Each structure stands twice: as C-alpha cells, then as structure tokens.
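Contents: one structure, followed by commentary.
2 protein chains.
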Amino acid sequence: MIRVGIVGYGNLGRGVEAGLAHAPDMELVGVFTRRAPQTVDTQAPVYPLANILDYKDQIDVLILCGGSLADIPDQGPMLAARFNTVDSYDNHSKINEYYQQMDTIAKQAGTVCVISTGWDPGLFSLQRVIGEAVLPSGVTNTFWGPGVSQGHSDAIRRISGVKAAVQYTLPKEAAMESVRKGEAGELTNAERHTRECFVVLEEGAHPEVVRQTIVTMPAYFEGYHTTVHFITMEELKANHSGIPHGGTVLRTGRTGSKGTLANYSFTLELGSNPEFTASVDIAYARACYRLAEEGAYGAKTVLDIPPKYLSASTEEELRKYKI
Amino acid sequence: MIRVGIVGYGNLGRGVEAGLAHAPDMELVGVFTRRAPQTVDTQAPVYPLANILDYKDQIDVLILCGGSLADIPDQGPMLAARFNTVDSYDNHSKINEYYQQMDTIAKQAGTVCVISTGWDPGLFSLQRVIGEAVLPSGVTNTFWGPGVSQGHSDAIRRISGVKAAVQYTLPKEAAMESVRKGEAGELTNAERHTRECFVVLEEGAHPEVVRQTIVTMPAYFEGYHTTVHFITMEELKANHSGIPHGGTVLRTGRTGSKGTLANYSFTLELGSNPEFTASVDIAYARACYRLAEEGAYGAKTVLDIPPKYLSASTEEELRKYKI
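Written out as structure tokens, the structure reads:
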C-alpha cells in the first residue's frame with residue numbers, strides 16, 4: 001500500500017480523502033492542517049502541520065491541497081526537502097520557475113515532486129503537447145467550461161451591493177465548430193468563451209449599477225459577452241451550489257501534402273471540479289511513489305512521466321488488456 | 324536533424340513521407356522496399372530492402388510501414404537487431420508477446436523499438452490507460468468511426484457478385500449519450516456501432532442475395548445493424564474514395580463519496596486515417612531517437628514514453644508555454 005498524507009483540508013483535500021477510497025493500492029495516513037485539528041470535520045486522523053516531520057517514516061507521498069497563491073509557493077519547497085510531494089500549482093506563468101526551484105531541492109533531498117498536476121494544468125497540458133506533436137501543422141484552442149470559475153465568482157462577490165454570486169464560464173459552441181472545420185485559427189479567450197453570472201443582491205442595491213460594474217470589470221469581464229441574472233438566495237442555493245467544470249482541448253491540424261483536416265480533441269465534463277482534480281492528483285501520487293522507488297529524484301511535470309506509472313495495473317496487464 | 328528511413332511504401336509509407344515535411348527536426352533518408360525500386364512512384368530515394376544494412380550509419384530511426392499480418396512480425400525482429408524502429412503493429416491480442424520478443428532483441432542489440440503506435444493501438448491506448456487511472460471507478464467504451472474499415476470493406480469485396488465496396492463503421496450516438504449520462508456500462512462492439520456498406524455489383528449479380536450474404540457474415544456483420552446501399556462505380560469513386568476515420572475513447576466514472584459523474588473523452592476526426600497514423604509514428608520516431616540517445620534500450624509502447632519526448636520543443640519551452 002502506498003501511504004498518503006494530505007496537506008490542507010479545503011475542497012481539494014476533502015476530494016483527495018474521498019478519492020483515496022477508489023484507489024485499491026493506496027491508504028490515507030492522515031490530514032495535516034494549520035487549523036486546530038479538533039476543528040477539522042473528518043473521520044481521518046488529523047495532525048498539526050507543524051508536527052509533520054514526526055510522521056516522515058509513515059508517509060510515502062504528500063498531496064499538497066493548499067492554494068497556489070498563498071500556500072504552495074511556501075509549502076512546496078519546504079516539504080519537498082523531506083517528502084515526495086504532488087501539487088496542483090496552477091500559476092501558469094510561473095510554473096517553469098517553480099519547477100527549477102523544486103527540482104534543485106528534490107535532487108538534493110532525494111525526493112520526487114510532481115508539480116502542477118490536476119486537469120489544467122495537468123491533463124490539458126498533456127493533451128496540448130501531444131496534440132501539437134502529432135499534428136505539427138495546426139492550431140490549439142483550449143475551451144473552458146461549462147463550469148464555475150471561482151476567481152470570477154469571487155470578483156463579483158467583492159462588488160458593493162452583492163451578497164452572493166456564481167459565475168459560469170461557457171465555451172462558444174459556434175467558435176468550436178468553426179475551429180473544427182478548419183475555418184478559424186487560434187482564438188482569444190473572449191472569442192472562445194461567454195460568461196454567465198447569477199447574483200444575489202443586498203437589500204437596496206441597484207441591479208443596473210451592479211450589472212454595469214460586472215460587465216465592465218477589466219481583466220475579468222470587459223470584452224466578453226456577459227449575461228447577468230439576479231436571483232434569490234434560495235434559488236442560488238438550490239440550483240448553483242455545485243462546482244461543475246470541464247472543457248475541451250482542440251488541436252486542429254493538417255496532414256499529408258494536400259492539407260487533409262484532422263481534429264484531435266479532449267473533453268472533460270466534471271460534476272465536481274475539486275473531486276476530479278483530487279482524482280488526478282492521486283494517480284500522479286502513485287507515479288510519484290514509483291519514480292521515487294526507482295531513484296528518479298527531482299521535480300516532474302505531467303510531461304516527464306511515462307503514462308504506465310499512473311495505473312494500478314502491472315505493465316504486462318496494460319499491454320495485454322488496455323493497449 | 325533526425326534521419327528517418329521508411330520501410331514499405333503503401334498508404335502508410337506515403338503518409339510518413341508527406342508527414343516528415345511537417346517535422347522541422349527530421350529528414351527522410353529514403354524508402355526501402357521489396358519491389359523493384361524504379362517501380363515506386365516517389366521523389367524520394369528508393370532502395371532495395373535487401374540492401375538496408377548498407378545504410379545503417381545514415382539512419383537514426385526506421386519507420387516500419389508494412390502490414391501487421393504478414394510484414395511486421397518478420398521485419399520487426401529482423402530490423403530491431405540493427406536499427407531503432409517504430410511500428411504500428413496492431414494485432415491487439417498478440418502485442419504483449421510481440422513486445423517481449425522485440426524487447427529481448429533490442430536490449431541485446433542496443434536499439435530502441437517503439438511498437439504498436441498510431442491511434443488504435445497508440446493514442447487510444449494512452450487515453451484508455453490514463454482515463455482509467457484518473458477515474459478508477461468507472462467504465463471505458465471505445466467507439467470507432469465514422470470511418471472506413473479496410474477489413475470489412477475487403478470482406479465484402481470477396482463476396483461473389485461484388486465488384487467494389489466500401490464499409491463505414493459508425494458510432495451509435497444514442498449509445499454514447501447513454502454512457503455519458505452514466506446510464507450504460509461497458510457496451511459490446513455491436514451495441515456501440517452500426518455498419519453502412521456501399522457496394523458496386525458485377526453485371527447480373529442479385530442485390531438481395533449479396534445483401535443477405537453481407538448482413539449475415541459471421542464475425543464481421545452478424546449481430547450488427549447493417550445497411551447496404553448499391554451504387555455505381557462512378558458514385559463510389561466520386562463519393563467514397565477517401566480513407567477517413569476516427570473515434571472516441573470515453574471513460575465514464577464517479578468521483579468523491581457521493582458518486583459524482585465525470586466524463587473523460589478523447590475524440591479523433593481524421594480526414595485520412597493513414598496520414599494521421601503516419602503523423603503519430605513520426606512523433607514517436609522522435610521519442611525513439613531520444614530514448615536511444617539516452618541509452619534506454621529495449622521495446623517501448625506508448626505507455627512507457629514520457630510525453631515530452633514527442634515534442635520538437637525543448638523541455639523548458641514546454642513548461643513555459645504549453646503547461
């Protein structure tokens with residue numbers, strides 16, 4: 001059994017705990033948290049993060065479930081010096097830097113650190129790279145959604161007069177179709193997506209003022225086709241409390257000498273974004289453990305890892321039944 | 324530049340020749356054939372296969388483009404003893420055996436042999452394994468088509484009274500939808516597909532007799548919903564001379580403790596089946612070359628190869644721009 005520790009117990013940490021029950025070859029050692037352990041609502045053992053080194057010999061891999069903004073940049077390097085780790089660091093523009101930092105620490109410490117896994121970055125990165133490699137003449141478009149964007153929902157909630165809000169990112173079907181037919185190239189974010197907002201107002205707030213503030217918000221909504229619906233708190237709770245997400249990586253290319261069209265597309269439709277991210281993290285924790293057993297120390301991205309390491313089956317079983 | 328040789332010049336060999344023009348880091352050394360070289364219609368240098376050892380120092384990787392039934396089982400082991408090779412061996416039930424044989428030879432010879440690549444086996448195998456690893460509680464269904472099945476077209480052509488024929492395998496959209504909703508499990512081949520045949524009759528042949536022979540043919544059509552259209556040779560040439568194909572690998576699973584639905588799906592829509600297969604072979608030839616440079620000798624399947632090796636970009640470029 002591969003012995004797994006969870007660091008941080010938000011949506012992702014809870015997803016890892018539940019996901020480990022689906023993995024026949026892995027077991028949960030415990031949850032490590034900065035909160036007071038008795039305040040954490042779980043059946044699993046909970047320990048103070050400050051004491052994690054005491055559990056070093058009982059843990060094969062740590063799955064880091066904190067946020068990419070405040071937690072991972074500190075926790076990753078600190079924990080990589082003592083443990084094999086898996087994280088979902090998702091600040092795309094800094095992944096290479098983070099990789100270099102983690103790689104140096106892990107090589108020195110004799111650990112394996114799988115960074116930036118999950119679905120984007122993660123499985124979507126994998127598909128972008130493979131799609132481009134097998135269709136070198138072409139364009140790649142990543143469409144996100146339909147799904148809840150946490151960042152955009154938070155941005156709306158910060159507007160004065162807003163009590164609660166959920167924002168859905170929706171892929172433009174017509175844009176996807178036009179790419180697929182070979183008629184469009186690499187589209188911008190706003191050309192690929194629309195945004196739909198469900199907003200509960202504070203008493204006395206003016207809907208039109210809030211709507212204008214949303215649709216003109218720079219970096220978040222400006223330039224997008226955005227729809228705003230005002231609903232009650234009851235409606236929000238009844239119909240918008242899930243965290244679905246997904247999307248499509250679409251590589252459209254030309255093969256041969258006559259420009260024959262080929263479409264390579266990968267789609268995720270996820271009832272729960274954090275549960276699926278957790279599920280991917282768990283598969284990469286298995287790979288992390290195996291790489292460490294082989295002594296292949298250092299930082300790894302999804303691009304560095306042979307796919308067979310993700311599976312609980314043996315190599316021979318995979319060749320016999322899955323290829 | 325990675326120097327590539329092509330062995331065999333049918334549809335796949337022609338696809339590799341055209342595909343190499345899309346690869347900035349690879350060049351074609353020549354085509355090796357059992358035919359008389361002057362009868363091969365290409366601008367590339369053509370050499371007798373019997374003399375291939377004379378070109379050993381000019382070739383980094385050979386792409387084997389012969390058939391899986393008669394050519395690869397002989398050529399693979401013979402050439403693996405001297406060259407790095409890539410093949411699309413697609414006899415699924417014998418892949419593990421073939422792997423063992425090639426692995427022994429390649430390790431002894433100090434070569435790398437990538438076997439059974441292309442799209443199925445190949446990219447579809449990769450998606451089946453990753454899909455199952457990230458959604459361990461679930462079902463995998465592979466839908467083929469819409470596309471031309473060479474084997475089924477050939478089977479129809481062997482019927483007395485048939486002059487020419489093309490068979491399309493079509494995925495059942497309703498079956499796919501029902502799997503996607505979590506309502507269906509692992510379906511049989513006949514539950515996933517229908518078959519549509521376009522047939523040109525010999526003069527005097529009886530359509531109903533031919534139709535009955537087709538739809539009741541064991542192993543090929545029996546048990547399937549099969550439609551037969553009789554058309555003229557002109558119509559066949561005008562509308563059915565392409566070799567499109569594709570399909571979908573669909574992993575439907577449950578995440579978390581409450582059985583949240585998640586769909587992982589990978590779809591190829593290919594204007595030309597052999598051109599795309601060639602394109603995949605070329606990306607794996609790049610990986611083959613790199614593995615050989617590293618001294619990672621032996622047989623490899625798509626499951627053994629870190630995805631980064633497929634790309635012409637550097638690891639750092641991939642981390643910066645693709646993850």
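Residue numbers (the working numbering), protein chains in the order written: chain A, 1 to 323; chain B, 324 to 646. For each residue, glycine too, the CB sits at the ideal point set by N, CA and C. Just so we're clear, the structure is a prediction, and the values are computed from it rather than from any experiment.
>> Measuring alpha carbon to alpha carbon, tell me which residue in A:C197, A:M102, A:A283 is nearest P459 (chain B).
In response: A:A283
>> Does the structure place the stretch 606-623 of chain B close enough to the stretch 352-369 of chain B that three or more beta carbon pairs sit under 8 angstroms?
In response: no
> At which residues does the alpha helix (DSSP H) containing T252 (chain A) begin and terminate?
Replying inline: If you look at T252 (chain A), you'll find it isn't in any alpha helix (DSSP H); it sits in the beta strand (DSSP E) that goes 245-255.
> Cα-Cα, which of A:E203, A:S265, A:I243 is closest to L12 (chain A)?
Replying inline: Minimum Cα-Cα distance from L12 (chain A) among the listed residues A:E203, A:S265, A:I243 corresponds to A:I243.
>> Could you check whether the stretch 624-632 of chain B touches the stretch 297-315 of chain A, counting it as contact only if at least three pairs of C-beta atoms, one from each stretch, sit closer than 8 angstroms?
In response: yes
> Any residues in the stretch 267-287 of chain A with a beta carbon nearer than 7 angstroms to a beta carbon of chain B? Which ones, in chain order?
Replying inline: Hits within the stretch, in order: T267, L268, E269, L270, G271, S272, E275, F276, S279, V280, A283.
>> Just to confirm, is the Cβ distance from V330 (chain B) to L385 (chain B) under 9 angstroms?
In response: yes
>> Excluding the 5 residues flanking S634 (chain B) on each side, which residues of the same chain have their C-beta closer than 7 angstroms to its C-beta?
In response: L641
> Using the C-alpha atoms, what's the distance from C388 (chain B) back to I325 (chain B)?
Replying inline: C-alpha separation (whole angstroms): 18 angstroms.
> Mind checking A174 (chain A): buried by the 16 CB within 10 Å criterion, or exposed?
Replying inline: exposed
> Within this structure, are the beta carbons of I537 (chain B) and V523 (chain B) separated by less than 9 angstroms?
Replying inline: no
>> Using CA atoms only, rank isn't needed, just tell me which of A:G204, A:G223, A:P121, A:L236 is closest to V280 (chain A).
In response: If we check each option's Cα against that of V280 (chain A), A:P121 comes out closest.
> If you count every other CB in all the chains shown that lies within 10 Å of the CB of D410 (chain B), and 16 or more means buried, which is it?
Replying inline: buried
>> Quick check: is the beta carbon of E506 (chain B) nearer than 9 angstroms to any beta carbon in chain A?
In response: no
>> Going by DSSP, what residue range makes up the alpha helix (DSSP H) through H229 (chain A)?
In response: H229 (chain A) -> not in any alpha helix (DSSP H); beta strand (DSSP E) instead, spanning 225-230.
> Nearest-angstrom Cα distance between Q150 (chain A) and H206 (chain A)?
Replying inline: 24 angstroms
> Pairing CB atoms from the stretch 122-133 of chain A with CB atoms from the stretch 98-105 of chain A, are three or more of them under 8 angstroms?
Replying inline: no
> Quick one: which chain A residues come within Cβ less than 9 angstroms of D627 (chain B)?
Replying inline: P306, P307, K308, E315
> Relative to chain A, which residues along the stretch 399-415 of chain B have a C-beta separation below 8 angstroms, given in chain order?
Replying inline: H415
> Thinking C-alpha only, which one of A:D90, A:E177, A:Y9 is nearest P48 (chain A)?
Replying inline: A:Y9
> Do you know whose CA, among A:Q212, A:L20, A:C288, A:G110, lies nearest C197 (chain A)'s CA?
Replying inline: When C-alpha distances from C197 (chain A) are compared across A:Q212, A:L20, A:C288, A:G110, the shortest belongs to A:Q212.
>> Quick check on the burial criterion: 16 or more other C-beta atoms within 10 angstroms. Buried or exposed for T555 (chain B)?
In response: By the 10 Å Cβ count, T555 (chain B) comes out exposed.
>> Could you check whether the Cβ of T301 (chain A) sits closer than 9 angstroms to any Cβ belonging to chain B?
In response: yes
>> Taking the beta carbon of S416 (chain B) as the centre, do at least 16 other beta carbons fall within 10 Å, making it buried, or is it exposed?
In response: By the neighbour-count criterion, in which a residue is buried when 16 or more other Cβ atoms sit within 10 angstroms of its Cβ, S416 (chain B) is exposed.
>> Considering Cα atoms alone, identify which of B:G621, B:A610, B:K643, B:A622 is closest to D348 (chain B).
In response: B:A610
> What number of angstroms, rounded off, separates the C-alpha of M176 (chain A) from the C-alpha of Y644 (chain B)?
Replying inline: Our two residues, M176 (chain A) and Y644 (chain B), have alpha carbons roughly 22 angstroms apart in a direct line.
>> Please list the terminal residues of the continuous alpha helix (DSSP H) segment that includes D87 (chain A).
In response: Note, D87 (chain A): premise wrong, no alpha helix (DSSP H); beta strand (DSSP E) at 85-87.
> Helix or strand or just coil, what does DSSP make of N141 (chain A)?
Replying inline: strand
>> Assuming N263 (chain A) is part of the beta strand (DSSP E), what are its boundary residues?
In response: 260-270
> Cα-Cα, which of B:T583, B:Q366, B:E545 is closest to E514 (chain B)?
Replying inline: B:E545
>> Could you check whether A285 (chain A) and A80 (chain A) sit closer than 9 angstroms to each other, using their CB atoms as the reference points?
In response: no
> Can you give the Cα-Cα distance for T549 (chain B) and H475 (chain B), rounded to whole angstroms?
Replying inline: 12 angstroms
> Would you say N263 (chain A) faces chain B, with C-beta separation under 9 angstroms as the test?
Replying inline: yes
> Out of curiosity, what's the CA-to-CA distance linking T85 (chain A) and T117 (chain A)?
Replying inline: Near 11 angstroms, if we compare the C-alpha coordinates of T117 (chain A) and T85 (chain A).
> So is G246 (chain A) in contact with chain B if we call contact Cβ pairs under 9 angstroms?
Replying inline: Closer than 9 angstroms to some Cβ of chain B, the Cβ of G246 (chain A) qualifies, so yes.
> Helix, strand or coil: how does DSSP classify R34 (chain A) here?
Replying inline: If DSSP states are grouped into helix, strand and coil, R34 (chain A) belongs with coil.
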